[in-house]
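**Student:** One structure is given below, represented as structure tokens, and several questions about it will come after.
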Amino acid sequence: FRGIGNPIGLKVADPESCLRILDVLDPQQEPGRVTLIHRFGADKIRERLPALIRSVKASGRHVLWCCDPMHGNTRTTAAGIKTRHFGDILNELEASFDVHGSEGTYLGGVHLELSGDDVTECIGGASGITESDLARAYKSDVDPRLNYEQALEVAMLIAHRLRSS
89 FRGIGNPIGL
99 KVADPESCLR
109 ILDVLDPQQE
119 PGRVTLIHRF
129 GADKIRERLP
139 ALIRSVKASG
149 RHVLWCCDPM
159 HGNTRTTAAG
169 IKTRHFGDIL
179 NELEASFDVH
189 GSEGTYLGGV
199 HLELSGDDVT
209 ECIGGASGIT
219 ESDLARAYKS
229 DVDPRLNYEQ
239 ALEVAMLIAH
249 RLRSS
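Below, the structure is given as structure tokens:
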């Protein structure tokens, strides 16, 4: 992948491996070439994201930061159904904005799994989807997605945070 001329998105977790990968994939340190996608989960992001940001900043690199609040928050119900709790998704997204703000960086993107349909794959949100609702309209073959109401709630959160910054 060293010779690819296009921008590259990397899912990252720890500072050491992130910097090694950046050295290989972006040796010229071209600003904007690399998007770093963090996905720690709501319970770990405030603890782990600051160290990642600090190490990248200390290396002098200019990257685009992206939050994936979906994959770090995947859970399996007692019935074996893969789901996500909407509150965890919002919490990780809020924490991302907070941490980036306190570290002097900017959250430049968000990765979401969503559907325009009235699916019931993620628990929570204003519509009050519960674990028992999952069977009603669980249609994903791969990953649980936000439905249109939950996606709108996330969009409103992002708009609010951008407007207030």
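Counted from 1, the sequence shown has number 198 at position 110 by the working numbering; the numbering is strictly sequential. Cβ coordinates follow ideal geometry from the N, Cα and C atoms, glycine included.
If we count the other Cβ atoms within 10 Å of its Cβ and call it buried at 16 or more, is S184 buried or exposed?
**Tutor:** It counts as buried.
**Student:** May I ask which residues mark the beginning and end of the beta strand (DSSP E) holding G160?
**Tutor:** Neither: G160 is in no beta strand (DSSP E) and is coded neither H nor E.
**Student:** Output needed for G204: all residues of its chain with C-beta closer than 7 Å, excluding positions within five of it in sequence on either side, in chain order.
**Tutor:** Y236.
**Student:** Can you give me the Cβ contacts of T193 inside the same chain, cut-off strictly under 8 Å, excluding the 5 residues immediately before and after it?
**Tutor:** Counting only Cβ-Cβ distances below 8 Å, and skipping sequence neighbours, we find I141, K145, W153.
**Student:** Can you list the beta strand (DSSP E) stretches of 3 or more residues lying completely in the segment 118-181, in chain order?
**Tutor:** As far as the segment 118-181 is concerned, its whole beta strand (DSSP E) runs of at least 3 residues are 122-126, 152-155, 162-164, 170-173.
**Student:** According to DSSP, is V198 helix, strand or coil?
**Tutor:** Strand.
**Student:** By how many angstroms is the C-alpha of R90 removed from the C-alpha of C155?
**Tutor:** Near 24 Å, if we compare the C-alpha coordinates of R90 and C155.
**Student:** Rounded to the nearest angstrom, what separates A239 and L107 at their Cα positions?
**Tutor:** Straight-line Cα distance between these residues: approximately 33 Å.
**Student:** Helix, strand or coil, according to DSSP, for V100 in the structure here?
**Tutor:** Reduced to three states, the DSSP call for V100 is strand.
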